[in-house]
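Enquirer:
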Amino acid sequence: MTELALAVRSGDRRALARAISLVESQSEDAHRLLADLWQYTAASLVVGLTGAPGVGKSTLVDGLARAYAKAGRRVGVLAIDPSSPFSGGALLGDRIRMDDPDPRVFIRSLATRGHLGGVNRALGGAIALMAAAGHDLVLVETVGAGQSEVEIMSHADLTVVVLMPGLGDDIQANKAGILEIGDLFVVNKADLPGADLTVREIRSMLSLVDKERALVPITKTIATQGEGIDALLAAIDAFGRNPEERMLQHSRRLQQADRRLGEALAELVVAKIKSSAGPGHWEAAVEQIAARRLDPEGAARELLRPTIEEA
Ligand SMILES: Nc1nc2c(ncn2[C@@H]2O[C@H](COP(=O)(O)OP(=O)(O)O)[C@@H](O)[C@H]2O)c(=O)[nH]1
Ligand SMILES: [Mg+2]
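Per the numbering used here, the sequence shown starts with residue 290, numbered consecutively.
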């Protein structure tokens, strides 16, 4: 194991910050680091919080992290919501609050720029690093389903959908996305009028999906006053303790592993073919496909053939 990997394992915060930067830049060193540490990443519970901008995700994450740390456990927070106050720190050099008053909480934001799929992969790496560093819980804040390239479902053991009163139409509009990804629903800003109505709306829409969905927990919170945070934390904790949900978590991790293997392989194969096909070959195929002289799958098979024959 490299010195950096050892330092991350030991819980060294600066090492962790440096490691996440490596993963963000997607250097070859990042791969070696993640290869060394992957075996230590199983124990953390990864919780994704998603929802429209302004519903109070960052405030909730802050409250959850504090409450969790107060109970003596270590929490990593990752924010990829560009509107997040956490990401606000992204403008400030190192992007980590080394001066965070609570040594049990490690907060980091990921830059949302970069090539397509880059953020998603960096997120996977950053979560793994936080887990390997011994965080019992990793909280990930993202903007709502379908609104970003980051699909929290491909990383989280548990997804919390955050809503607020008066968003009934919003839920309706996003029905499929929102109703299907949530393991837990939170109606934040319960100090505003209409919170109970929103809870009832979510409940009735969930029961339309199927019988199991009808039982998904819905909690109310007032994040700014810390109200409902303990109940939400208990609901998160209960997940993973319940055997049925543990099974769900296991099958979910299998699905995620399946998907990530496919992504990693596709990327390696494309890189290999681009480099071995000879100069201009790839570009020529692209032009032929665009001109409808070649179909995409046919071109792919053609490009792949020498690689497979050689193996
Ligand atoms: N009234 C009320 N305002 C809240 C509550 N939670 C968060 N807010 C406010 O809503 C705004 C957006 O919060 P933020 O956490 O940044 O939302 P995010 O975009 O989902 O991360 C901020 O001004 C918060 O202070 C709440 O429970 N009640
Ligand atoms: Mg935010």
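Note that beta-carbon positions come from the ideal geometry of N, C-alpha and C, so glycine has one too.
All values derive from a computational prediction rather than experimental measurement.
In angstroms, rounded to a whole number, what distance separates the CA positions of isoleucine 518 and valine 476?
Expert: So the alpha carbons of these two residues sit roughly 12 Å apart.
Enquirer: Compute the minimum distance between the beta carbon of lysine 346 and the heavy atoms of ligand 2, and state whether it is under 7 Å.
Expert: Lysine 346: yes, Cβ under 7 Å from ligand 2.
Enquirer: Extract the residue ranges of the alpha helix (DSSP H) inside the region 499-531, only unbroken runs of 4 or more that lie entirely within it.
Expert: Runs of the alpha helix (DSSP H) inside the region 499-531: 518-527.
Enquirer: Taking all protein chains shown into account, decide if methionine 453 is buried (16 or more other Cβ within 10 angstroms of its Cβ) or exposed.
Expert: Flag for methionine 453 reads buried.
Enquirer: Using 8 Å as the cut-off, can you tell me whether the region 406-422 makes contact with the region 295-307, which would need three or more C-beta pairs spanning the two stretches below that distance?
Expert: Yes, since at least three Cβ pairs between the region 406-422 and the region 295-307 fall closer than 8 Å, the two stretches touch.
Enquirer: Could you check the C-alpha separation between glutamate 591 and alanine 484 for me, to the nearest Å?
Expert: The straight-line gap from Cα to Cα measures roughly 58 Å.
Enquirer: If I measure Cβ to Cβ from valine 350 and keep anything under 7 Å in the same chain, skipping five residues before and after, which residues do I get?
Expert: Once the five neighbours on either side are set aside, the close Cβ partners of valine 350 are Leu338, Val366, Leu428 and Glu430.
Enquirer: Answer with buried or exposed for threonine 487, where buried requires no fewer than 16 other C-beta atoms within 10 angstroms of its C-beta.
Expert: Under this definition threonine 487 is a buried residue.
Enquirer: Nearest to isoleucine 525 by CA position, among Pro568, Leu426, Gly551 and Gln514, is which residue?
Expert: That would be Leu426, whose Cα lies nearest to the Cα of isoleucine 525.
Enquirer: Check whether the Cβ atoms of valine 312 and alanine 415 sit closer than 8 Å, and answer yes or no.
Expert: A contact, by the Cβ cut-off of 8 Å.
Enquirer: Helix, strand or coil for isoleucine 467 per DSSP?
Expert: Isoleucine 467 falls in the helix class under three-state DSSP.
Enquirer: In terms of alpha-carbon separation, which member of Leu322, Val575 and His539 lies closest to histidine 444?
Expert: Checking every option, the nearest Cα to that of histidine 444 belongs to His539.
Enquirer: Given arginine 386, which residues of its chain have a CB within under 6 Å of its CB, disregarding the five upstream and five downstream residues?
Expert: Caution applies to arginine 386, whose pLDDT of 45 falls short of 50 and renders its modelled position unreliable; the value that the coordinates give is listed next. Hits under 6 Å: Ile396.
Enquirer: Given this structure, state the Cα-to-Cα distance separating leucine 323 from alanine 354, to the nearest angstrom.
Expert: If I take the Cα positions, the gap works out to 25 Å.
Enquirer: May I ask you to check if the CB of threonine 339 is nearer than 7 Å to at least one heavy atom of ligand 4?
Expert: In terms of ligand content, the structure shown lacks ligand 4 and carries ligand 1 and ligand 2 instead.
Enquirer: Within 10 angstroms of its Cβ, does isoleucine 491 collect 16 or more other Cβ (buried), or is it exposed?
Expert: It is buried - the Cβ of isoleucine 491 has at least 16 other Cβ atoms within 10 Å.
Enquirer: Any chance you could list the alpha helix (DSSP H) runs of at least 4 consecutive residues sitting entirely within the region 557-581, in chain order?
Expert: Counting whole runs of 4 or more residues, the region 557-581 contains the alpha helix (DSSP H) stretches 570-579.
Enquirer: Only counting runs of 4 or more residues, tell me where the alpha helix (DSSP H) segments fall wholly within the region 314-347, in order along the chain.
Expert: Listed in chain order, the complete alpha helix (DSSP H) runs (minimum 4 residues) inside the region 314-347 are 317-326.
Enquirer: If I follow the unbroken alpha helix (DSSP H) through glutamate 292, where does it start and stop?
Expert: Unbroken alpha helix (DSSP H) run through glutamate 292: 292-298.
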